[in-house]
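First residue of the sequence shown? That's 1 in our numbering, and the numbers climb one at a time after it.
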Amino acid sequence: MVPLVCYVSEQNLNVPLDADRLLRLLGVSGKLSGFYYAVYMLEQVQQKPDHVLLITKCLYKQIAQHFETTSGCVERNLRTLVRACWRQPDHTLLDQIAGRPLRKPPTNMQFLDMLSAYLRK
């Protein structure tokens, strides 16, 4: 495995990695609606890891209710976020999070599962 090297400023050196920082390291920002959905979803999955298995039956509905939108909108915006991560020219961090080189973009469920497992480490 290739060691991951990324710039972290002195002031952020001791700040624990959270969903927000991890997504930003993957190259996406808060300009995407799916960013905030993903941060909230990852926080929920951190508390209840089995929720990632219930992504359509439980998680999308829960997030939609919290953000006062539809579960279809949540799913679509998360898919857009995953594609935005995938379009970044360097997949080194995403591959490291996955534990293997990715050949195609992960599904929403795979993406949440990978990131939540990485954050639990």
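Using N, Cα and C, we set each Cβ at its ideal position, and we do this for glycine too.
The structure presented is a predicted model; accordingly, all values stated were derived computationally and were not measured.
Are residue i and residue j touching if we call contact CB-CB under 7 angstroms?
| i | j | result |
| --- | --- | --- |
| A19 | V45 | no |
| G34 | T80 | yes |
| K102 | L42 | Strictly speaking, residue 102 in this sequence is Leu, with Lys absent from that position. Cβ distance not < 7 angstroms, so L102 and L42 don't count as in contact. |
| D61 | S71 | A small correction: the amino acid at residue 61 is Lys; Asp does not occupy that position in the sequence shown. Yes, the Cβ-Cβ distance between K61 and S71 is below 7 angstroms. |
| A64 | V52 | no |
Assuming residue i and residue j make a contact with CB atoms under 8 angstroms, what is their CB distance in whole Å?
| i | j | result |
| --- | --- | --- |
| V28 | A84 | 5 angstroms |
| V82 | P49 | About 19 angstroms; that fails the 8 angstroms criterion. |
In terms of residues, what are the limits of the alpha helix (DSSP H) holding residue i?
| i | result |
| --- | --- |
| C85 | 71-86 |
| D113 | 108-120 |
| E68 | Premise fails: E68 is in no alpha helix (DSSP H) and is neither H nor E. |
| G34 | 33-47 |
| R103 | R103 -> no alpha helix (DSSP H), and no H or E assigned at all. |
Which residue's Cα is closest to the Cα of residue i: the options?
| i | options | result |
| --- | --- | --- |
| D113 | L102, I97, K104, P101 | I97 |
| R76 | D95, D90, I55, P89 | I55 |
| L22 | V74, L94, E68, N108 | L94 |
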